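Number of protein chains: 2
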Amino acid sequence: MRKKITSIGFQKNLSKETSGSLADQVRDHLRKRILNHEWQAGAKIPGEFELAAQYKVARVTIRTALRSLETQGLIDIRHGSGAYIADFGDSVRAGLQELRSITQTIREMGHKAEMITRSSEVRKATEKEALDLQITQESGVLHIERAITADGEVVAFSYDTFNVEELTPAVIRRISTGSAFAALDSIRKHPVRARAEIHAISSKEIGWGRGRPPSGLYLLLRQVHYLRNGSPIVTGDTYFVEGKFQFIIHRTI
Amino acid sequence: MRKKITSIGFQKNLSKETSGSLADQVRDHLRKRILNHEWQAGAKIPGEFELAAQYKVARVTIRTALRSLETQGLIDIRHGSGAYIADFGDSVRAGLQELRSITQTIREMGHKAEMITRSSEVRKATEKEALDLQITQESGVLHIERAITADGEVVAFSYDTFNVEELTPAVIRRISTGSAFAALDSIRKHPVRARAEIHAISSKEIGWGRGRPPSGLYLLLRQVHYLRNGSPIVTGDTYFVEGKFQFIIHRTI
DNA sequence: TCCTCAATAGTTGTACTACAACTTAGGAGA
DNA sequence: TCTCCTAAGTTGTAGTACAACTATTGAGGA
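Protein sequences, first through last, are from chains A and B.
Here the first sequence stands for residues 7 to 259, numbered as in the working numbering.
Here the second sequence stands for residues 7 to 259, numbered as in the working numbering.
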């Protein structure tokens, strides 16, 4: 029997998180190379045939990965010419449409990220939470309130609510103390998609402690995260202190 | 000589704007079918072989289109099973990462959209404008200030600046009186990508007239639009009155 | 010398075929 | 009735061939 395709053996080494299809893995690896400034803005990346040789995969697989990167606005494919790095400076690191943890984004920008948990409790769902998580109000949820800091300065206050049905006791403890994304990843419940609303808010009621800005001005990200099978896993509001965190969106046709 | 592939003859009819590759056209057409609720949320769309037969294109082309829609968060492809409509309700209509004119979005949501021009002038570029548009400060720019209304109510104030080098006198007139996107489209200078920063702003200095909100609270979209060849064509700040316009972002891995 | 334009090599786009990997439903067997 | 296996159906990857487009080169003429 022929060797399984899914057990990858890239010439270019892959990180630990080798999940998803081959094309997804190639896409993730190429994205890292791009964000790592292997090529500078406007530069032409290797052709599809050469990339296929580098990764030891078919050209179809490379093309799938490249089209995905183009949709995300990272590269620019020109018929008959090649694929070029989109000129967006370093902003892609903070791209809002890429689903990643805030702390990880802060770290990748070269700062020290911390999460300070203010409260953590398991209780029954509120009406809005039940609606967002597609559960009944009788169901239990894990509600956590945290402040996110970069280099000791508060950049956001977050109010998150998890569906406990999807969690294990060990994961609940881990979420309360560290990154939620990492904890969910350990039980293969990593969200793959989120729907987010954005609002401008001015309020003195948000947040706590000395990290609260005098202006009371926040950018509110109200979002629901979904698993691959389409079921919601966590919902929450994150209040970003205006000016502390730059939000970038790449808009494409 | 064989018939040109680019002269399409879909079984499924295409709109007038038949631009881009075959896969792009199929993607746009499929997106319209999705937003038109041809399939309900969670439903399975036809398989790749059947879609290829419907559109009379190769399966490769269908796959390219479907992957693009998946990256945009409109569908959900599952290996060995099929592609399913992502359950995001009607929110996709106002998706922020889709590059389209505000007025068109308002109209598609079933409201009456208008643009009221307050001022329009050709002058030299400011420092920031020259930087954004990658031109010198000696170059001329078209600066326009407008209010955007939905059903007669102001939803946003916009301050836009165009690179006049890329425009014709006729287009300048057309931009001043109507939709910029439509005018740019007429000379094949339709932007295909934009980089946008989002900010929360509270100010009494923004906007004019009775449409100015008492709270002075805005969601600021500060963006630069790029052509296919990578050169910037227009930059501008749009101040959305908080609460009048719902911003949705689909976040994916 | 400079410009124009045709030839050409290189790259992406599409078509077609074949098979691997996965999902789902249905039937055989206990 | 339940479990497990089989089979059919679907997406994922491989490979080849050619069409369509881009960019470069260089020959020819003004």
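A virtual CB, placed ideally from N, CA and C, is assigned to each residue, including glycine.
All figures in this text were calculated on a predicted structure; none of them were measured in a lab.
Listed as beta-bridge partners of G242/A by DSSP are D166/A and Q229/A. For R73/A, the chain B residues whose Cβ falls inside 7 angstroms of its Cβ are T70, R73 and S74, in order along the chain. Pairing A92/B with D82/B gives a Cβ-Cβ distance under 8 angstroms.
Here P175/B is exposed. Its C-beta has fewer than 16 other C-beta atoms within 10 Å.
For the C-beta of F253/A, the chain B residues within less than 9 angstroms are, from N- to C-terminus, A202, E203, I204 and H205. Per DSSP, T142/A lies in no alpha helix (DSSP H) and is assigned neither H nor E.
Beta bridge pairing from DSSP links H256/B with R201/A.
A contact is defined here as three or more CB-CB pairs under 8 angstroms, and the stretch 136 to 145 of chain A fails this definition with respect to the stretch 235 to 244 of chain B.
The beta-carbon distance between A206/B and Q229/B, rounded to whole angstroms, is 16 angstroms. This is too long to meet the 8 angstroms contact definition.
Those residues of the stretch 240 to 251 of chain A placed with their C-beta closer than 7 angstroms to a C-beta in chain B are E248, ordered along the chain.
With respect to A119/A, A156/A sits close: the two C-beta atoms are nearer than 8 angstroms. Taking C-beta atoms as the reference points, L105/B and A200/B count as a pair closer than 8 angstroms. Taking one beta carbon from each stretch, the stretch 125 to 140 of chain B and the stretch 210 to 220 of chain B have fewer than 3 pairs nearer than 8 angstroms; the two do not touch. Taking the Cα positions, I212/A is about 46 angstroms away from I178/B. For G213/B, there are no C-beta contacts with chain A under 8 angstroms, since the nearest C-beta of that chain is about 14 angstroms from it. For V32/B, the closest alpha carbon among the candidates A47/B, A49/B and A64/B is that of A64/B. Under the criterion of beta carbons closer than 8 angstroms, V198/B and L233/B qualify as touching, at roughly 7 angstroms. In terms of Cα proximity to L173/A, the closest of V128/A, L80/A, M115/A and G158/A is V128/A.
Between L190/A and I204/A a beta carbon distance of about 23 angstroms is seen, past the 8 angstroms cut, so the two are scored as non-contacting.
Between F168/A and A153/A the beta-carbon gap is near 18 angstroms, outside 8 angstroms, which marks them as no contact.
Between the C-alpha atoms of K195/A and R73/B there is a straight-line separation of about 22 angstroms.
Note on G48/B: under 16 other CB atoms within 10 angstroms of its CB, so exposed under the neighbour-count rule. For E159/B, the closest C-alpha among the options H117/B, S237/B, T258/B and Y90/B is that of H117/B. With fewer than 16 neighbouring CB atoms inside 10 Å of its own CB, Q110/B falls in the exposed class.
Comparing C-alpha distances from K62/B to each of A29/B, E44/B, Y90/B and A188/B shows the shortest one belongs to A29/B. Distances from the alpha-carbon of H256/A to those of K134/B, Q252/B and T77/B put T77/B closest. The residue among S185/A, E135/A, V161/A and A188/A with its C-alpha nearest the C-alpha of V170/A is E135/A. Scanning chain B for C-beta atoms nearer than 7 angstroms to the C-beta of D82/A yields G236, reported in chain order.
Among the residues facing chain A, D93/B is included, as its CB has a counterpart in that chain under 8 angstroms away. Among the residues of chain B, those whose CB is under 7 angstroms from the CB of I259/A are L105 and V198, following chain order.
In the structure shown, L80/B adopts coil according to DSSP, grouped into three states. Boundaries of the alpha helix (DSSP H) around T183/B: P175 to T183.
Pairing G86/B with R180/B, the inter-Cα distance amounts to about 50 angstroms.
In the DSSP assignment, R124/B falls outside any alpha helix (DSSP H) and within the unbroken beta strand (DSSP E) covering A119 to K130.
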